[in-house]
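Engineer: Dumping the structure here so I can ask a few things about it.
There are 2 protein chains.
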Amino acid sequence: MRTSIATVSLSGALTEKLTAAARAGFDGVEIFENDLLASPLTPEEVRARCADLGLSIDLYQPMRDIEAVPAEEFGRNLRRAEHKFRLMERLGADTVLVCSSVSPLAEDDDALAAFQLRRLAELAEGFGIRVAYEALAWGRHVSTYDHAWRIVEAADHPALGTCLDSFHILARGSDPKGIEDIPGEKIFFLQLADAPLMAMDVLQWSRHYRCFPGQGGFDVAGLVGHVMRAGYEGPLSLEVFNDVFRQAEAGPTAVDALRSLLVLQESVGLTEPPAPVVPTGIAFAELVTPDVEPLSEILEALGFARTARHRSKPVDLWQQGEARLLLNTGPAARRDGTQLAAVGLESPDPAGAARRAEALLAPVLPRRRAPEDAPLDAVAAPDGTELFFCATDRPGLPSWTGDFEPVAHKPPVAGGVHRIDHLALTQPWHQFDEAALFHHSVLGLGAQESVDVADPYGLLRSRAVTNADGSVRIALGVGAAPSADEGGRAQHIALATDDIVTAARRFRDAGGRPLPIPANYYDDLAAKYELADGELEAYRELGILYDRDADGAFRHCYTETVGRVFFELVQRDAGHRGYGAQNAPVRLAAQHVRRPVR
Amino acid sequence: MRTSIATVSLSGALTEKLTAAARAGFDGVEIFENDLLASPLTPEEVRARCADLGLSIDLYQPMRDIEAVPAEEFGRNLRRAEHKFRLMERLGADTVLVCSSVSPLAEDDDALAAFQLRRLAELAEGFGIRVAYEALAWGRHVSTYDHAWRIVEAADHPALGTCLDSFHILARGSDPKGIEDIPGEKIFFLQLADAPLMAMDVLQWSRHYRCFPGQGGFDVAGLVGHVMRAGYEGPLSLEVFNDVFRQAEAGPTAVDALRSLLVLQESVGLTEPPAPVVPTGIAFAELVTPDVEPLSEILEALGFARTARHRSKPVDLWQQGEARLLLNTGPAARRDGTQLAAVGLESPDPAGAARRAEALLAPVLPRRRAPEDAPLDAVAAPDGTELFFCATDRPGLPSWTGDFEPVAHKPPVAGGVHRIDHLALTQPWHQFDEAALFHHSVLGLGAQESVDVADPYGLLRSRAVTNADGSVRIALGVGAAPSADEGGRAQHIALATDDIVTAARRFRDAGGRPLPIPANYYDDLAAKYELADGELEAYRELGILYDRDADGAFRHCYTETVGRVFFELVQRDAGHRGYGAQNAPVRLAAQHVRRPVR
Numbered sequence: 001m002r003t004s005i006a007t008v009s010l011s012g013a014l015t016e017k018l019t020a021a022a023r024a025g026f027d028g029v030e031i032f033e034n035d036l037l038a039s040p041l042t043p044e045e046v047r048a049r050c051a052d053l054g055l056s057i058d059l060y061q062p063m064r065d066i067e068a069v070p071a072e073e074f075g076r077n078l079r080r081a082e083h084k085f086r087l088m089e090r091l092g093a094d095t096v097l098v099c100s101s102v103s104p105l106a107e108d109d110d111a112l113a114a115f116q117l118r119r120l121a122e123l124a125e126g127f128g129i130r131v132a133y134e135a136l137a138w139g140r141h142v143s144t145y146d147h148a149w150r151i152v153e154a155a156d157h158p159a160l161g162t163c164l165d166s167f168h169i170l171a172r173g174s175d176p177k178g179i180e181d182i183p184g185e186k187i188f189f190l191q192l193a194d195a196p197l198m199a200m201d202v203l204q205w206s207r208h209y210r211c212f213p214g215q216g217g218f219d220v221a222g223l224v225g226h227v228m229r230a231g232y233e234g235p236l237s238l239e240v241f242n243d244v245f246r247q248a249e250a251g252p253t254a255v256d257a258l259r260s261l262l263v264l265q266e267s268v269g270l271t272e273p274p275a276p277v278v279p280t281g282i283a284f285a286e287l288v289t290p291d292v293e294p295l296s297e298i299l300e301a302l303g304f305a306r307t308a309r310h311r312s313k314p315v316d317l318w319q320q321g322e323a324r325l326l327l328n329t330g331p332a333a334r335r336d337g338t339q340l341a342a343v344g345l346e347s348p349d350p351a352g353a354a355r356r357a358e359a360l361l362a363p364v365l366p367r368r369r370a371p372e373d374a375p376l377d378a379v380a381a382p383d384g385t386e387l388f389f390c391a392t393d394r395p396g397l398p399s400w401t402g403d404f405e406p407v408a409h410k411p412p413v414a415g416g417v418h419r420i421d422h423l424a425l426t427q428p429w430h431q432f433d434e435a436a437l438f439h440h441s442v443l444g445l446g447a448q449e450s451v452d453v454a455d456p457y458g459l460l461r462s463r464a465v466t467n468a469d470g471s472v473r474i475a476l477g478v479g480a481a482p483s484a485d486e487g488g489r490a491q492h493i494a495l496a497t498d499d500i501v502t503a504a505r506r507f508r509d510a511g512g513r514p515l516p517i518p519a520n521y522y523d524d525l526a527a528k529y530e531l532a533d534g535e536l537e538a539y540r541e542l543g544i545l546y547d548r549d550a551d552g553a554f555r556h557c558y559t560e561t562v563g564r565v566f567f568e569l570v571q572r573d574a575g576h577r578g579y580g581a582q583n584a585p586v587r588l589a590a591q592h593v594r595r596p597v598r
Numbered sequence: 001m002r003t004s005i006a007t008v009s010l011s012g013a014l015t016e017k018l019t020a021a022a023r024a025g026f027d028g029v030e031i032f033e034n035d036l037l038a039s040p041l042t043p044e045e046v047r048a049r050c051a052d053l054g055l056s057i058d059l060y061q062p063m064r065d066i067e068a069v070p071a072e073e074f075g076r077n078l079r080r081a082e083h084k085f086r087l088m089e090r091l092g093a094d095t096v097l098v099c100s101s102v103s104p105l106a107e108d109d110d111a112l113a114a115f116q117l118r119r120l121a122e123l124a125e126g127f128g129i130r131v132a133y134e135a136l137a138w139g140r141h142v143s144t145y146d147h148a149w150r151i152v153e154a155a156d157h158p159a160l161g162t163c164l165d166s167f168h169i170l171a172r173g174s175d176p177k178g179i180e181d182i183p184g185e186k187i188f189f190l191q192l193a194d195a196p197l198m199a200m201d202v203l204q205w206s207r208h209y210r211c212f213p214g215q216g217g218f219d220v221a222g223l224v225g226h227v228m229r230a231g232y233e234g235p236l237s238l239e240v241f242n243d244v245f246r247q248a249e250a251g252p253t254a255v256d257a258l259r260s261l262l263v264l265q266e267s268v269g270l271t272e273p274p275a276p277v278v279p280t281g282i283a284f285a286e287l288v289t290p291d292v293e294p295l296s297e298i299l300e301a302l303g304f305a306r307t308a309r310h311r312s313k314p315v316d317l318w319q320q321g322e323a324r325l326l327l328n329t330g331p332a333a334r335r336d337g338t339q340l341a342a343v344g345l346e347s348p349d350p351a352g353a354a355r356r357a358e359a360l361l362a363p364v365l366p367r368r369r370a371p372e373d374a375p376l377d378a379v380a381a382p383d384g385t386e387l388f389f390c391a392t393d394r395p396g397l398p399s400w401t402g403d404f405e406p407v408a409h410k411p412p413v414a415g416g417v418h419r420i421d422h423l424a425l426t427q428p429w430h431q432f433d434e435a436a437l438f439h440h441s442v443l444g445l446g447a448q449e450s451v452d453v454a455d456p457y458g459l460l461r462s463r464a465v466t467n468a469d470g471s472v473r474i475a476l477g478v479g480a481a482p483s484a485d486e487g488g489r490a491q492h493i494a495l496a497t498d499d500i501v502t503a504a505r506r507f508r509d510a511g512g513r514p515l516p517i518p519a520n521y522y523d524d525l526a527a528k529y530e531l532a533d534g535e536l537e538a539y540r541e542l543g544i545l546y547d548r549d550a551d552g553a554f555r556h557c558y559t560e561t562v563g564r565v566f567f568e569l570v571q572r573d574a575g576h577r578g579y580g581a582q583n584a585p586v587r588l589a590a591q592h593v594r595r596p597v598r
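Quick mapping for you: the protein sequence lines, in order, are chains A and B. Just so you know, UniProt numbering puts 117 at position 117 of the first sequence, and the rest follows in order with no gaps. Just so you know, UniProt numbering puts 557 at position 557 of the second sequence, and the rest follows in order with no gaps.
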């Protein structure tokens, strides 16, 4: 199917929007009237710019408050419409969106609405223009798609059809099955938007909270299925009013938007991109740092050993059980300070995973960094984290471990960390929803519910994506508003242990500095839970936090922060799917008290 | 009445919150449990800190999911409560908030709820603690204040009373009149919050959108009246969960919070602060600028003349009709660039206006800047703008004009600008609601509805405050999120004319550079309105924008921007109350195309 996007969905001036849409790969655009009015380009220049960019103009929108009004008012409306049809001629747009009236002048009279829409269509026909009539969810008398269709049917004019909008249909709770009763050629246009499920005023919901398909709670794919079965052959077009997207850079938003349409087409069987290859574990996490000392001290105290060194680059491999961390002191580190730069995902089919990612518009990174390196498939996540698809020490496939030369080291300690439990990655503020959709669609990870977490200086949101057995867990986090706040931007690596008390005690006894947790927290734990003898005392001594739900317990503690990065020790009962969100406010407050090491 | 605030209403660590509350002048605080848990201070240290700051601890909160549960569960709840009562002893808090249960274990059994709450009260009594039971609007079985009171009444224990929360009562739409049937001594606590009227899930509404009384749409004062008539003698306490306040600096938020309680007490007749003195006009607007040239050129082209110079400071008075602008090139200008720094409000009683402002916690500025200056009463608005209360050339009162020495100038041109129509001031992002409340309560201006305006790079909000005859109009604006965007932070001065075409033409012919408006805008005007012959052409030629509603027309055009400041020419039909919001997106887009002069 052809893909299109309404210019209102993207930030910036009209030319920026058009450029972003074309670069992302859209086939066409809907020109939102206010974007044209505010542009210094003439309609002819906009037409030429779209042609240069390879974009068709699929829709001009909207025309409002046209139908079911007294004759004199309708005369003025026709005059207004004629102006717009002339404009559309100059623009080269052949379909116009007419929204059902919200005017207090509009009468509850379907026959009058049909009569006047037919008149409008007759006028449009003379300009070679088609009129697509759409029911706004808050239309004065016409607010459902089937009602709009009945009026179109009654008007019975070839230049008049209907426009379906997934938001207006699904926000009203209408059953989209009836769409199949509309002849496909009378569905002139299809606008798609998702939205989080919210109990709120539908106009406000629509104007501020729409999002791209797959980011919200609507069954947009199901609706598209019905539209396809009706025989619709026009473009799939995104029309999203969203306060965040209005502020976000147009380029990345356009890419995220098109990705949502690609995933949507796959889910209704319209396309078959390479299938997702779900990662089966975390092969490694790579930290860049300008100074290896503070991280090395923490890793040693945690029981990690430096087991290998990259053959050609300043990168060390630190290992404990299946937990592997790369410490990179290369040039990027000196530029960006200490941060989590890359994640190795253990993949059943690295090349297939990369093909999937590329098909879904993830930027593909060069397979080899240096001639002597093993080829590795990698893409960039929306937050810039590099994702490597790995086959660690598996026969027949190149392994990243081959680039490393073992170095002498002490044998690992028993009963320490055995793998990475999860990674927590702070996302760019404007791309939180996109990040979840990226990890879901590109990597095939399932998204858990979003949770709010109170930091002393603002509310944070967190949403985890995981594979089925929990061997890959990534917690995506974001602040409540754009902010330079250090705590909000921190990333962390959570390390799984089977015995957190032993692991935390060893860390402390080896000179590690656990994040201090206030005594008041433990008084509260004592009030909430009856813990075994000595358990509370050990937690208090070692700064261990405790959470429990019906699926078991979650025990965790934290190291200090180096640059943007800190570590967490986690002892997770088998069924527990949480991340200690209940304890996060206490942890965040403690981190504000204790500033990062550097 | 004593005033109190819940720590959850303010940003930061517990100690920051306490300090901010005390400095603003609150008498006491509610300690929100999570703030204590996250604090490194012991309960004894918190108690001592509060005592040092002169704050009482009026409430410890909340205890949840206590009542109407199976016996075994209730046993655990009592154990938990005993822990908390011990903690409250250490803290020196004698009242605890118990919220109606949301637990799935809770039974719909008022007798059981009363029996268990009585047991809880018996336990509390031993610690000298009072239990205040409150109906959450989303409580599982108890969600209205009268239901909670019936249970308290049935439990019949001196250590058990009810807590009333204006949000929970008014969000449910309950009639607060019934409060008067509760004996005052059984109302153990009163929590106050306002909220904008929104049709949304009540839990989300409560957790994210509460605001201070007077900032929202609830009749909080009416509710307080009922509570007073019931005989309540405890504190008026603010409990506000608000995403914005969580991020805002605690100090200013605490001041705004206390101001809201002062205004509330006045409105229910509990206090009598000096009465508001509503300004009757705009005496002057003062611009600071490091370089007087670009502004002088614009003012000259607009028909202003430099009529006087300050006797001792580098400040010029430019005048045209009743429109007076001060251009200040003093030290502040070199620090902050060109901006609107002060507004002179014509006041029937300048000293009275200043007394009102001071009583409502506005920072009072020194009356005399230099020994030779006329004494002037002035305060700072929340955005830092200095507000001078002026008596311009009125007998018996000092006039600011006396500080100025007339200079020779050309006679004013006829038919130009005659006064300042309005000022548009961008507010700090975190203080938009506070700004409206400040202007309303301190200056006695009426607040109009808030409107959204689409800037190409994000949604802006604007809300005007005016006096009754429209001779003082201030449009308060804010971006959708904290942002360094230049357009969002701009301020402007709108100048009233009776003939905008003549005024705009003279401006252009005198070398002024009007903000260019796209031709597409005028095509749309032609479609929308049938204007008189030549009218559209004149607008197009001069960059004049046009808006019309039932109350008449609004015509306006803009100069280029200097620093943060630009000017608008306005021709307003007598009844029109708007500010051209419909045209704002076009103006904002044009300003992004045309960057400020410096």
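For each residue, glycine too, the CB sits at the ideal point set by N, CA and C.
In three-state terms, what does DSSP make of B/S462?
Structural biologist: Taking the second sequence and counting its residues from 1, the one referred to as residue 462 of chain B is at position 462. Reduced to three states, the DSSP call for B/S462 is strand.
Engineer: Could you list which residues in chain A have their beta carbon closer than 7 Å to that of residue 610 of chain B, in chain order?
Structural biologist: Here chain B has residues from 1 to 598 only, and residue 610 of chain B is not among them.
Engineer: Measuring only between beta-carbons, confirm whether B/P294 sits less than 8 Å from chain A.
Structural biologist: Your numbering for residue 294 of chain B matches position 294 in the second sequence. By this cut-off, B/P294 is not an interface position.
Engineer: In chain B, which residues lie with their C-beta within 9 Å of the C-beta of A/S11?
Structural biologist: Within the first sequence, residue 11 of chain A is the residue found at index 11, counting from 1. Going along chain B in sequence order, the residues near A/S11 (Cβ under 9 Å) are P456, Y457 and G458.
Engineer: Does the Cβ of A/V407 have 16 or more other Cβ atoms within 10 Å, making it buried, or fewer, making it exposed?
Structural biologist: Within the first sequence, numbered from 1, the residue matching residue 407 of chain A stands at position 407. Result: exposed.
Engineer: Using CA coordinates, which residue listed in A/V379, A/A496, A/I500 and A/G477 is at the minimum distance from A/C490?
Structural biologist: To locate residue 490 of chain A, count along the first sequence from 1; it is residue 490. Checking the sequence shown, residue 490 of chain A turns out to be Ala, not Cys. Per the Cα distances, A/G477.
Engineer: Would you tell me roughly how many angstroms separate the C-alpha atoms of B/G488 and B/P235, rounded to the nearest one?
Structural biologist: The sequence position of residue 488 of chain B within the second sequence is 488, counting from 1. The sequence position of residue 235 of chain B within the second sequence is 235, counting from 1. Since pLDDT at B/G488 reaches only 43, below the 50 mark, its modelled position is unreliable, and the value read off the structure follows with that caveat. For B/G488 and B/P235, the distance between alpha carbons rounds to 40 Å.
Engineer: Counting only runs that start and end within the segment 201–282 of chain A, where is the alpha helix (DSSP H) found for 4 or more residues in a row?
Structural biologist: Qualifying alpha helix (DSSP H) stretches, in chain order: 202–209, 220–230, 243–247 and 250–267.
Engineer: Is there a Cβ from chain A that is less than 8 Å from the Cβ of B/A519?
Structural biologist: Taking the second sequence and counting its residues from 1, one reaches residue 519 of chain B at position 519. Interface residue, yes.
Engineer: Quick check: the Cα distance between A/R140 and A/Q204, rounded to an integer number of angstroms?
Structural biologist: Here residue 140 of chain A refers to the residue found at position 140 when the first sequence is read from its first residue. Here residue 204 of chain A refers to the residue found at position 204 when the first sequence is read from its first residue. Between A/R140 and A/Q204, the C-alpha separation is close to 16 Å.
Engineer: Using the beta-carbon of each residue, which ones in chain A are nearer than 8 Å to B/S201?
Structural biologist: Residue 201 of chain B sits at position 201 when you count from the first residue of the second sequence. Here residue 201 of chain B turns out to be Asp, not Ser, going by the sequence shown. What B/D201 touches in chain A: M198, A199 and M200.
Engineer: Check B/H576 in the structure and name its three-state DSSP category.
Structural biologist: Counting from one through the second sequence, the residue named residue 576 of chain B turns up at place 576. Here B/H576 sits in coil by DSSP.
Engineer: Can you pull the DSSP bridge partners for A/D551?
Structural biologist: Position 551 of the first sequence holds residue 551 of chain A. According to DSSP, which records beta bridges pairwise, A/D551 is partnered with nothing at all.
Engineer: For the beta strand (DSSP E) containing A/S450, name the first residue and the last one.
Structural biologist: Mapped onto the first sequence, residue 450 of chain A falls at position 450. It spans G446 to D455 - the beta strand (DSSP E) in which A/S450 sits, taken as one unbroken run.
Engineer: Please name the residue in B/C50, B/A71, B/E72 and B/E44 whose C-alpha comes closest to that of B/R86.
Structural biologist: Within the second sequence, numbered from 1, the residue matching residue 86 of chain B stands at position 86. Checking every option, the nearest Cα to that of B/R86 belongs to B/E44.
Engineer: Hey, out of B/E33, B/L270 and B/T280, whose CA is closest to B/D349's CA?
Structural biologist: Residue numbering aside, residue 349 of chain B sits at position 349 when the second sequence is read from its first letter. When only C-alpha atoms are compared, the closest one is B/T280.
Engineer: From this set, B/W318, B/D551 and B/A283, which residue's C-alpha is nearest B/K410's C-alpha?
Structural biologist: The residue given as residue 410 of chain B occupies position 410 in the second sequence. The option with the nearest alpha carbon to B/K410 is B/W318.
Engineer: Please check the pair B/A424 and B/H492, which I expect to be a contact at CB under 8 Å, by giving their CB distance rounded to whole angstroms.
Structural biologist: For the purposes of this step, residue 424 of chain B is taken as the residue at position 424 of the second sequence. For the purposes of this step, residue 492 of chain B is taken as the residue at position 492 of the second sequence. About 5 Å; that satisfies the 8 Å criterion.
Engineer: Among all the DSSP beta bridges, which residues are the ones paired with residue 635 of chain A?
Structural biologist: Residue 635 of chain A lies beyond the stretch modelled for chain A, which goes from 1 to 598, so this question has no answer here.
Engineer: Anything in chain A within Cβ reach of B/V593, meaning under 8 Å, just list it in chain order.
Structural biologist: What you label residue 593 of chain B is simply residue 593 of the second sequence in a count that begins at 1. Within 8 Å Cβ-Cβ: A13 and P40.
Engineer: In the DSSP output, what is A/D406 paired with across the bridge?
Structural biologist: Taking the first sequence and counting its residues from 1, the one referred to as residue 406 of chain A is at position 406. It is Pro, not Asp, that sits at residue 406 of chain A in the sequence shown. BP columns for A/P406 point to A/A308.
Engineer: I'd like the list of long-range same chain contacts for B/L536, defined as Cβ closer than 7 Å, with 5 residues on each side in sequence excluded.
Structural biologist: Locating residue 536 of chain B in the second sequence gives position 536, where the first residue counts as 1. The residues are Y522, L525 and A526.
Engineer: Expressed to the nearest angstrom, what Euclidean distance is found between the alpha-carbon atoms of B/D165 and B/S237?
Structural biologist: Sequence index remark: in the second sequence, residue 165 of chain B carries index 165 (1-based). Sequence index remark: in the second sequence, residue 237 of chain B carries index 237 (1-based). Between B/D165 and B/S237, the C-alpha separation is close to 9 Å.
Engineer: Could you give the distance in angstroms between the alpha-carbon of A/V417 and the alpha-carbon of A/H168?
Structural biologist: Taking the first residue of the first sequence as 1, we reach residue 417 of chain A at position 417. Taking the first residue of the first sequence as 1, we reach residue 168 of chain A at position 168. The straight-line gap from Cα to Cα measures roughly 51 Å.
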